Structure formats: structure tokens, C-alpha cells
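**Q** Could you have a look at this structure, given as C-alpha cells, before my questions?
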Amino acid sequence: MGKKYLAKIIAKDSQGLNLISACCFQAKVSVSELRYLKKSQIFLIFLQRFNRENKKNNKEKINSVCKFEFVESVKSKNIDQNDKNLILELLAIDLIKNKDKFEINLIFNNNCIITLLTEIVESTLEDQHKI
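Using this note's numbering, you'd call the opening residue of the sequence shown number 1161 and step up by one each time.
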């Protein structure tokens, strides 16, 4: 049996982020699995996504990590961060240029949003293992 291929996508612009957004559509994210490492300026999301790249088996689930680098600040809207059991569904990742900064909006179900403020777009989606 051959080695299982796990994806790693690196985004440095809106096109790359659109690809990551498409791969993560309907991914399940627990509030307890969102991490902002302020000193390192890294925002991490541990998510369970469908294998959308595999047309034959797109119901297959994969545990992945989505990492955003050079994040200066994080804001959330409509998310109870004390509810560690809350499961969000990621619908899209949107990029907006605002003067000399970028806003990366992580859009979830129930009008929940996380906004990352950054000067540089540098994001990675890396699969950990199939479920």
C-alpha cells in the first residue's frame, strides 16, 4: 500500500487564501482549539475538515491545522470564548486590504467572525492525519 498523501497549502495572497478557504469549507472547529500566540504573532486553528481534494472520497475527514503568521491582533464577534464545547463551522476565509494592513476574516456559522489584523498574508493549511 502506498504512502497516504496529506496536503500542505501555503498562501501568500488572496488566491492562496481562497484555496485554503475552499478546502476548509464546512470544517468543524472547537472554540477550545483556537489559539493566538501573541509573542510569536501566530494564530492557529485546529480543525476537522472534509477531504475536498479527493473527488472519489470527499466525505473522508482529515484533522488539519491552519496557521496564520504575522498576526498583530485578533478580534472575535458572536463567539462565547468561555464555552469550550462550542463547535463552529468554518464557512469562508475572506481577505480585505485596509490601508497598509490586511484583515483576514474567518467566517463561521451563526454570524460568528474572527478577524486577524496583519501586514503580510502568510498562511498554511497542513493536514495532520485522516480520521
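Just so it is clear, CB atoms sit at the ideal spot from N, CA and C, and this is done for glycine as well.
Computed from a prediction, not measured in an experiment: that's the story for all the values here.
(1) Please determine if the segment 1184-1195 and the segment 1203-1210 are in contact, where contact requires at least 3 C-beta pairs separated by less than 8 Å.
(2) Could you have a look at A1167 and say whether DSSP puts it in helix, strand or coil?
(3) Is the Cβ-Cβ distance between C1184 and I1247 less than 8 Å?
(4) Could you tell me how far apart the beta carbons of I1264 and T1278 are, in whole angstroms, since I believe they sit closer than 8 Å?
(5) Buried or exposed for A1171, please, with buried defined as at least 16 other CB atoms from any protein chain shown within 10 angstroms of its CB.
(6) If we call anything under 8 Å between Cβ atoms a contact, is L1251 one with F1268?
(7) Once DSSP output is grouped into helix, strand and coil, what is the label at L1179?
(8) According to the neighbour-count rule (16 or more other Cβ atoms, all chains shown, within 10 Å of its Cβ), is N1270 buried or exposed?
(9) Given that a residue counts as buried once 16 or more other Cβ atoms are within 10 Å of its Cβ, and exposed if not, what is N1211?
(10) Based on Cα-Cα distance, which residue from D1173, R1195, N1214 and Q1186 lies nearest to I1299?
(11) Can you give the Cα-Cα distance for I1256 and F1228, rounded to whole angstroms?
(12) Can you tell me whether L1197 is buried or exposed? The criterion is at least 16 other CB atoms within 10 Å of its CB, across all chains shown.
(13) Using the C-alpha atoms, what's the distance from D1260 back to I1180?
**A** Answer, in terms of the structure:
(1) yes
(2) coil
(3) no
(4) 6 Å
(5) buried
(6) yes
(7) helix
(8) exposed
(9) buried
(10) This structure cannot settle anything about residue 1299, because the visible part of the chain is limited to 1161 through 1291.
(11) 15 Å
(12) exposed
(13) 23 Å
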